[in-house]
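**Student:**
Residue numbers (our numbering), protein chains in the order written: chain A, 1 to 60; chain B, 1001 to 1244.
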């Protein structure tokens, strides 16, 4: 099992290239996803605050 | 767009499932290629990333055309939301290609027609994103960026056919061929599952970004109304502020 795993991790001697490629793809995709979701959450919160404020102003 | 809220959780679940299955197929189940050895596994992200990079640009250009012709606000939002994602996938395509080229071609980079045209695609994305924000008037910036996106579309067929027009280092198409794919099913299957996963991922992030853009439009409108009360209540109507 351990031998199988280290054999797999070696990637036939191309470990540096294969794992770097997957690492770069993961980092770029995660960065895009986190940035998109973060900006969405901020926009939703701001909008909710502004809408609540607007209603408060009308009530006053 | 309202429908997207109901679809998003399902689409996200499908994306995660496709990514998980695709990664197991790509990294464990697929056999090493008889020529490329284990580096063929890089192709399972490189090729789908390249497909998304090009189709996303098609979307940006198409939506930009729609924005210029019909002035539909959603068209520009779609184009502006898709561009950074397209740039990200183009970057993945370029870097993974380089990481494959180093052991297989013996070089990280060559000014081959395919590589050069994809690098231009990356700069077109960056230029489009920068130009959209370069004007004080967002409407003018949007139009200038849309025109750039349209003009840059000429690069997409150049990328597609570059491997046929110029016989340089990058190999020609092996999946989208008139006579069917020239790849063994054991390699083709993980490639297609990863392509599906990347497409779903692109769709999910595009919807999230478009919803964000719509929220931000509403925020700007509300702030404008709050800053200039006459803009909100100045019209000669019989509406009370509460109803307005």
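Backbone N, C-alpha and C fix where the C-beta goes; we use that ideal spot for every residue, glycine too.
Would you call the segment 1191 to 1202 of chain B in contact with the segment 1017 to 1037 of chain B, where contact means no fewer than 3 C-beta pairs closer than 8 Å?
**Tutor:** Flag = yes, the segment 1191 to 1202 of chain B and the segment 1017 to 1037 of chain B touch.
**Student:** Would you call the segment 1181 to 1198 of chain B and the segment 1041 to 1056 of chain B touching, i.e. three or more CB-CB distances under 8 Å?
**Tutor:** At 8 Å Cβ cutoff, the stretches touch.
**Student:** I think residue 1141 of chain B touches residue 1135 of chain B, with their Cβ atoms under 8 Å apart; what is that distance to the nearest whole Å?
**Tutor:** By one-based count along the second chain, residue 1141 of chain B stands at place 141. By one-based count along the second chain, residue 1135 of chain B stands at place 135. Right, the Cβ-Cβ distance comes to about 4 Å (below 8 Å), so this counts as a contact.
**Student:** Nearest by alpha-carbon distance to residue 1147 of chain B: which of B/1068, B/1004, B/1059 and B/1005 is it?
**Tutor:** The sequence position of residue 1147 of chain B within the second chain is 147, counting from 1. Residue 1147 of chain B has its Cα closest to that of B/1068, out of B/1068, B/1004, B/1059 and B/1005.
**Student:** Measure from the C-beta of residue 30 of chain A to each C-beta in chain B and report whether the shortest distance is under 7 Å.
**Tutor:** Here residue 30 of chain A is taken as the residue at index 30 of the first chain, counted from 1. False, the Cβ-Cβ gap to chain B never drops below 7 Å.
**Student:** Is the beta carbon of residue 1132 of chain B sitting closer than 7 Å to the one on residue 32 of chain A?
**Tutor:** Numbered from its first residue, the second chain carries residue 1132 of chain B at position 132. Numbered from its first residue, the first chain carries residue 32 of chain A at position 32. For residue 1132 of chain B and residue 32 of chain A, no; Cβs fall outside 7 Å.
**Student:** Measure the C-alpha to C-alpha separation of residue 1169 of chain B and residue 1122 of chain B and round it to an integer number of angstroms.
**Tutor:** Taking the first residue of the second chain as 1, we reach residue 1169 of chain B at position 169. Taking the first residue of the second chain as 1, we reach residue 1122 of chain B at position 122. If you take the alpha carbons of residue 1169 of chain B and residue 1122 of chain B, they lie about 20 Å apart.
**Student:** Please go through the same chain and pick out, in chain order, the residues whose beta-carbon is closer than 6 Å to the beta-carbon of residue 1050 of chain B, but skip the five residues on each side of it.
**Tutor:** For the purposes of this step, residue 1050 of chain B is taken as the residue at position 50 of the second chain. Closer than 6 Å at Cβ, skipping near neighbours: 1093.
**Student:** Assign residue 1003 of chain B to buried or exposed, taking buried as 16 or more other Cβ atoms, counted over all protein chains shown, within 10 Å of its Cβ.
**Tutor:** Position 3 of the second chain, counted from the start, is the residue given in the question as residue 1003 of chain B. It counts as exposed.
**Student:** Cβ atoms of residue 1083 of chain B and residue 1166 of chain B: under 7 Å apart, would you say?
**Tutor:** To locate residue 1166 of chain B, count along the second chain from 1; it is residue 166. To locate residue 1083 of chain B, count along the second chain from 1; it is residue 83. Cβ distance not < 7 Å, so residue 1166 of chain B and residue 1083 of chain B don't count as in contact.
**Student:** Is it true that the CB of residue 46 of chain A sits closer than 7 Å to the CB of residue 1219 of chain B?
**Tutor:** Counting from one through the second chain, the residue named residue 1219 of chain B turns up at place 219. Counting from one through the first chain, the residue named residue 46 of chain A turns up at place 46. Against a cut-off of 7 Å, the Cβ pair of residue 46 of chain A and residue 1219 of chain B comes out as a contact.
**Student:** Helix, strand or coil for residue 13 of chain A per DSSP?
**Tutor:** Within the first chain, numbered from 1, the residue matching residue 13 of chain A stands at position 13. Helix, per DSSP.
**Student:** At 8 Å on the CB atoms, spell out the chain B contacts of residue 9 of chain A, in chain order.
**Tutor:** Position 9 of the first chain holds residue 9 of chain A. Neighbours of residue 9 of chain A on chain B: none; closest Cβ ~10 Å, over 8 Å.
**Student:** With a threshold of 7 Å between beta-carbons, can residue 50 of chain A be considered close to chain B, or not?
**Tutor:** If you number the first chain from 1, residue 50 of chain A lands on position 50. Closer than 7 Å to some Cβ of chain B, the Cβ of residue 50 of chain A qualifies, so yes.
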